[in-house]
Amino acid sequence: MANLADENKFFADVCKNFDSAAQFTNHPEGLLNQIKACNSVYRFQFPIRRGNGFEVIDAWRVEHSHHMSPTKGGIRYSEMVNEDEVMALAALMTYKCAIVNVPFGGAKGGIKINTKQYSVAELETITRRYTTELIKKNFIGPGIDVPAPDYGSGEREMSWIADTYMTMNPGQLDALGCVTGKPIALHGIRGRKEATGRGVAYAVRECVDVAEDMAKIGFKAGLGDKRVIVQGLGNVGYHSAKFLAEFGATIVGLCEYEGAIYNPNGLNVDEVFAHRKNTGSILGFPGATDFRNSMEGLEQDCDIIVPAALENQFTELNIRNIKAKIIAEGANGPTTPEAELIFTEMGGIIIPDMYCNAGGVTVSYFEWLKNLSHVAFGRMENRYAANSNANLIATLENLTGKTILPEHRLMIVKGASEMELVNSGLEDTMIHSYHEIRETLKVKPGTQTLRTAAFVNSIDKIAVSYMNLGVWP
Ligand code: GLU
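This is the structure:
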């Protein structure tokens with residue numbers, strides 16, 4: 240978690256990573272500076288009624304890059320949030336969208352509150368007022384800037400935002416596309432909630448499936464023998480752990496702010512989740528060793544570590560204690576540039592945040608498309624596909640005189656559901672982008688890390704957009 244000393248470091252760290260990559264591109268300095276800069280930083284305060292008096296809430300929305308519209312990014316609800324952090328996260332959104340070919344600029348929002356200290360009614364007031372402030376300054380809209388969930392916010396907050404926007408923009412046909420991560424009942428999309436974690440699992444799977452790269456760090460290819468520690472049992476951490484286990488990995492450690500647990504024989508993520516819900520703590524899970532100091536949990540024996548909480552978790556002070564050979568960044572900015580340098584020297588691989596956690600915004604893009612097209616994916620073709628597959632089977636059965644087994648028939652005949660289409664689009668995106676980044680690392684070996692290679696790809700793509708816009712000659 241960012242402390243006060245780090246308050247102005249996160250955006251500088253993102254710029255540092257950008258600069259390390261920029262030297263491997265051929266763009267003029269002015270263009271690079273334009274890409275790097277935060278275009279619009281809106282800081283505002285508003286009052287809410289609390290108890291017998293009022294309280295002033297600090298809030299931000301930062302639109303980092305307008306090379307594409309709308310801009311896109313979540314809203315963080317946290318008492319630690321500050322302007323530098325929102326700027327850094329907005330910048331990461333720009334590079335993230337570019338890396339996975341999602342046609343948005345980057346943005347991020349922040350509301351400085353500890354959500355646990357407010358009632359649901361107060362949270363609703365805050366969210367609706369925040370949205371109104373964005374509307375007043377033209378900082379929200381399906382073609383302008385489209386918020387989404389982030390740390391401390393979820394479907395409930397997104398539905399308040401959508402409702403406020405629709406109320407203030409009556410008759411605007413595409414109004415629902417003003418925010419993503421909405422509940423299904425409010426035209427959200429199936430698979431959005433688990434998308435970031437599912438994307439993290441695809442990213443890790445792609446990385447460990449390349450035998451040549453794994454041999455360099457003394458690993459066999461594949462997830463089957465990999466032991467994983469996940470930090471954070473929130474939406475991203477929980478789903479990353481769940482899908483990694485589904486893909487064959489063993490979850491050996493889970494860390495939360497109250498402590499960490501470790502079991503070399505594996506942990507059942509759902510059981511741990513239920514245990515935490517029932518007891519209020521991750522500690523005391525049957526069969527696992529407890530660590531009251533959560534950071535100690537990260538230093539246990541494993542092959543892969545997934546930080547899925549907040550930024551600045553791995554620094555030059557603790558990175559040498561990490562036993563994992565692969566860090567898969569589910570969170571944004573969990574590894575400082577100094578820590579990355581040391582970890583790379585130690586022979587480790589970092590799957591960078593801007594690619595690794597891009598599953599969320601990828602599926603947000605699908606949700607936005609669904610809202611603009613006003614029809615759910617699969618609705619038009621689902622039945623057609625099922626009927627035509629059934630005809631094909633009938634023809635084959637007639638020609639061969641053989642009958643297909645009922646369970647096989649069921650599998651072949653059905654058309655794709657919205658969820659299946661979303662997951663297929665997400666999987667394809669994560670596979671394609673990984674190999675695009677890896678290719679850059681191969682053809683430009685000076686880049687040295689997946690992060691630098693990913694930045695090179697992003698910068699190149701954004702530069703092309705600026706040139707296409709005619710902004711740059
Ligand atoms: N807050 C998420 C992120 O950091 C999702 C953003 C979005 O879906 O727009 O990527």
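To convert, take the position in the sequence shown, counting from 1, and add 239; that gives our numbering.
Where a beta carbon is used, it is the ideal one built from N, C-alpha and C, also for glycine.
Between 670, 501, 491, 361, which has its C-alpha nearest residue 290's C-alpha? 361
Beta-carbon spacing of residue 550, residue 283 below 7 angstroms: no
Would residue 539 be called buried (16 or more neighbouring beta carbons within 10 Å of its own) or exposed? buried
If you compare alpha carbons, which of 445, 460, 436 is closest to residue 471? 436
Cβ of residue 313 within 6 angstroms of any heavy atom in the ligand GLU? yes
If you pair each beta-carbon of the region 597–616 with each one of the region 378–387, do three or more pairs fall below 8 angstroms? yes
Taking 6 angstroms as the cut-off, is the CB of residue 290 close to at least one heavy atom of the ligand GLU? no
When the Cβ atoms of the region 512–529 are set against those of the region 490–504, are three or more pairs found closer than 8 angstroms? yes
Grab the span of the alpha helix (DSSP H) containing residue 398 for me, first residue to last. 394–407
Output needed for residue 307: all residues of its chain with C-beta closer than 7 angstroms, excluding positions within five of it in sequence on either side, in chain order. 342, 343, 344, 704
Would you give the residue range spanned by the alpha helix (DSSP H) that residue 464 belongs to? It is not in any alpha helix (DSSP H) - residue 464 carries neither H nor E in the DSSP assignment.
Classification of residue 547 by the beta-carbon crowding that lies within 10 angstroms, buried from 16 upward: buried
Does the beta-carbon of residue 585 have 16 or more other beta-carbons within 10 angstroms, so that it is buried, or is it exposed? exposed
Complete alpha helix (DSSP H) runs within the region 352–392 (minimum length 4 residues, chain order): 359–375
Going by C-alpha distance, which of 609, 610, 301, 454 is nearest residue 333? 301
Straight-line Cα distance separating residue 588 from residue 536: 20 angstroms
Alpha carbon of residue 296 to alpha carbon of residue 371, nearest angstrom: 14 angstroms
Which residue spans inside the region 620–707 form an unbroken alpha helix (DSSP H) run of at least 4? 621–639, 645–652, 657–682, 689–707
Can you tell me where the alpha helix (DSSP H) holding residue 430 begins and where it ends? Unbroken run through residue 430: none, as it is neither H nor E.
Who pairs with residue 490 in a beta bridge, going by DSSP? 467
Is residue 599 near the ligand GLU, going by C-beta to nearest heavy atom under 6 angstroms? yes
Straight-line CA distance for residue 641 to residue 624? 22 angstroms
Along the chain, where does the alpha helix (DSSP H) containing residue 318 start, and where does it finish? No alpha helix (DSSP H) holds residue 318; DSSP gives it neither H nor E.
What are the boundary residues of the alpha helix (DSSP H) that includes residue 452? 450–455
When DSSP builds the beta bridges, which residues end up paired with residue 553? 574
Exposure label - residue 542; buried when at least 16 CB within 10 Å: buried
Counting only C-beta atoms, is residue 573 closer than 7 angstroms to chain B at any point? Checking the listed chains, one finds no chain B in this structure; it contains a single protein chain.
On the DSSP letters alone, give me the boundaries of the alpha helix (DSSP H) that residue 284 sits inside. Not the alpha helix (DSSP H): residue 284 falls in the beta strand (DSSP E), residues 279–289.
Whether residue 657 touches residue 615 by CB criterion (7 angstroms): yes
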